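Single-structure report; data block below.
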Ligand SMILES: [Zn+2]
Ligand SMILES: [Zn+2]
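Written as structure tokens, this is what we have:
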């Protein structure tokens with residue numbers, strides 16, 4: 039059943055807070071046991087100007103997404119969002135994601151500085167939740183898992199890496215092959231995945 043392991047939450051130097059060069063990211067991901075990564079820089083998908091999405095020369099699969107910050111929490115969004123309007127309120131963002139066939143993942147929902155408003159989840163606006171975030175404390179990940187159970191959301195994991203050291207600290211095991219952004223969206227929507235802490 040073990041099909042593909044992806045770190046679905048990774049920041050490159052295109053995020054102001056990250057130092058990770060794309061070259062070193064691509065170089066180290068396979069050695070961390072990852073079959074793929076999702077590049078989710080803060081509020082932009084500019085990575086598309088410097089890298090081609092999909093299978094890389096070394097066998098690593100790279101899919102582009104974005105971590106979108108709102109006053110009601112941060113969301114990993116996957117879909118045709120290259121030109122997503124900035125500074126949307128969370129409910130408008132999440133409705134836009136749904137209407138365009140994408141998916142939003144509630145990122146680190148219990149992080150003190152950036153909690154996700156549970157009302158958004160209650161309204162069914164967010165189908166998946168990060169229950170394993172590499173920068174979370176165990177308490178924060180545990181609270182996210184309890185929230186997931188309450189609303190029967192899809193659970194997934196990502197490192198939230200801002201440095202190579204952090205890469206792959208948490209990941210998502212997909213039970214279906216993931217080659218494209220559409221495959222990833224479908225697997226997340228269908229819940230064909232689970233969070234995993236890769237062996238180091
Ligand atoms: Zn950041
Ligand atoms: Zn992040």
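In the numbering used here, the protein residues as written are 39 to 238. Note that beta-carbon positions come from the ideal geometry of N, C-alpha and C, so glycine has one too. None of the values given here were measured: they were computed from a predicted structure.
Buried versus exposed, by CB contacts within 10 Å (16 or more), residue i
i, result
"residue 39", "Residue confidence is low: residue 39 scores 49 on pLDDT, short of 50, so the model does not pin down where it sits. No coordinate-derived value is stated."
"residue 130", "exposed"
"residue 184", "exposed"
"residue 47", "buried"
"residue 147", "buried"
"residue 162", "exposed"
"residue 172", "buried"
"residue 85", "buried"
"residue 87", "exposed"
Collapsed DSSP secondary structure at residue i in the structure displayed
i, result
"residue 39", "With a pLDDT of 49 at residue 39, under the threshold of 50, the predicted position of this residue should be treated as unreliable, though the coordinate-derived value follows. In the structure shown, residue 39 sits in coil (DSSP, three-state: anything other than H, G, I, E or B)."
"residue 99", "strand"
"residue 192", "strand"
"residue 173", "coil"
"residue 60", "helix"
"residue 74", "strand"
"residue 135", "helix"
"residue 149", "coil"
"residue 48", "strand"
"residue 240", "No information on residue 240 is available, as it lies outside the stretch 39 to 238 that the chain covers here."
"residue 238", "coil"
CB-CB length for residue i against residue j, believed under 8 Å
i, j, result
"residue 168", "residue 196", "6 Å"
"residue 142", "residue 113", "4 Å"
"residue 209", "residue 225", "Not a contact, Cβ separation roughly 14 Å."
Proximity below 8 Å, CB of residue i to CB of residue j
i, j, result
"residue 68", "residue 97", "yes"
"residue 180", "residue 153", "no"
"residue 73", "residue 93", "no"
"residue 170", "residue 233", "yes"
Sufficient close CB pairs (3 or more, under 8 Å) joining the segment 77 to 92 to the segment 202 to 215: no
The segment 132 to 152 contacting the segment 106 to 121, beta-carbon criterion three pairs below 8 Å: yes
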